[in-house]
Amino acid sequence: MFLTLALGCYAATAQADTLRCGSQLVSVGDRAFEVEQKCGEPAFRDLIGYTLGPYERRELKIEEWVYGPSNGMLTILTFEGNRLTLIERRRSH
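Counted the way the working numbering counts, the sequence shown spans residues 51 to 143.
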């Protein structure tokens, strides 16, 4: 039963290293301004918080940008310190 629940949760959220925006590709590691040039303004932009950067010398802002829904799916992009770190796709409710 646990395996079934785990697989069901996984199917609801998918992660990727790239995202297609029209004819452009966005990849983990891209800068926020590059993503905005390729994908346009997100529907929502949320400040999640801050984390320590490499070697704990400075704080990095963590933001989530939400695009969609498109074909019943939301795309959620997570940025740390202005760099894209995570691309998620989730079913919209």
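Glycine included, each C-beta is placed from N, C-alpha and C at the ideal position.
Model, not experiment: these values are computed from the prediction.
| Asked | Found |
| --- | --- |
| With a 10 Å radius around its C-beta and 16 neighbouring C-beta atoms as the bar for buried, classify T125 as buried or exposed. | buried |
| Tell me the residue span of the beta strand (DSSP E) that contains E114. | 109 to 120 |
| Between which residues of its own chain and D67 is the CB-CB distance below 8 Å, once the five residues before and five after are set aside? | S77, V78, I137 |
| Do the CB positions of L97 and E113 come within less than 8 Å of each other? | yes |
| Nearest-angstrom Cα distance between L69 and E86? | 12 Å |
| To the nearest angstrom, report how far apart R95 and C89 are at their CA atoms. | 13 Å |
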